[in-house]
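Working notes for the structure below.
In our numbering, the protein residues as written are 48 to 185.
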């Protein structure tokens, strides 16, 4: 059994609110969101951070596009902050590469307008993102 939190989420050992998955990546709602719909996109293979090799970001690129489209279509996002922390000095807390996708809206543009953790129920946000059929496809 691995001790890596994200490896345990990907394997299903720890439940998550999955919004996208493919052979190379897995995306789920952040349990401590800074915006409604704050999603983490992680490579399925364990690497400590996104700059380990040139393939890490390429592996998650299709997921970043799909998640951004989902957040735009389901939550009305008009912009995004897409970021990754690399190393402890950046604030990286989980040492499995991951990219944050933060949906943004015209009423609070820019990263400086984030107000801290939000407290909407993740089940509600997940239901909105997944839609009536539960597939996440609009």
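Glycine is no exception: its CB is placed at the ideal position from the N, C-alpha and C atoms.
None of these values were measured; they are calculated from a predicted model.
If you draw a straight line from the alpha carbon of residue 103 to that of residue 74, how long is it in whole angstroms? Reading the chain shown from its first residue, position 56 is the one you call residue 103. Reading the chain shown from its first residue, position 27 is the one you call residue 74. Using only the alpha carbons, I get a separation of about 14 Å.
Beta-carbon proximity of residue 88 to residue 110, cut-off 8 Å: The sequence position of residue 88 within the chain shown is 41, counting from 1. The sequence position of residue 110 within the chain shown is 63, counting from 1. In contact: residue 88 and residue 110 (Cβ atoms closer than 8 Å).
Closer than 8 Å to chain B by CB, residue 76: No chain B appears in the structure shown, which is made up of a single protein chain.
With DSSP as the reference, please indicate the residues paired to residue 76 in a beta bridge. Here the question's residue 76 lines up with position 29 in the chain shown. DSSP output for residue 76 lists 86 as bridge partner(s).
Give me the Cα-Cα distance between residue 168 and residue 99, rounded to the nearest whole angstrom. Along the chain shown, read from residue 1 onward, the residue named residue 168 stands at position 121. Along the chain shown, read from residue 1 onward, the residue named residue 99 stands at position 52. Each residue's CA atom was taken as its position, placing residue 168 and residue 99 some 34 Å apart.
Give every residue of the same chain whose Cβ lies closer than 7 Å to the Cβ of residue 63, excluding the five residues on either side of it in the sequence, and list them in chain order. Taking the first residue of the chain shown as 1, we reach residue 63 at position 16. Excluding positions up to five away in sequence, the list reads 56, 75.
May I have the straight-line CA-CA distance separating residue 140 from residue 53, to the nearest angstrom? For the purposes of this step, residue 140 is taken as residue 93 along the chain shown, with counting starting at 1. For the purposes of this step, residue 53 is taken as residue 6 along the chain shown, with counting starting at 1. For residue 140 and residue 53, the distance between alpha carbons rounds to 11 Å.
Can you tell me whether DSSP reads residue 62 as helix, strand or coil? One-based indexing of the chain shown puts residue 62 at position 15. Residue 62 falls in the coil class under three-state DSSP.
Tell me whether residue 60 is buried or exposed, calling it buried when 16 or more other Cβ atoms sit within 10 Å of its Cβ. Looking up residue 60 in the chain shown gives position 13. By the 10 Å Cβ count, residue 60 comes out exposed.
So for residue 132, helix, strand or coil by DSSP? Position 85 of the chain shown holds residue 132. Correct three-state label for residue 132: coil.
By DSSP's criteria, residue 126 is part of a beta bridge. Which residues make up the other side? For the purposes of this step, residue 126 is taken as the residue at position 79 of the chain shown. Residue 126 is bridged to 151.
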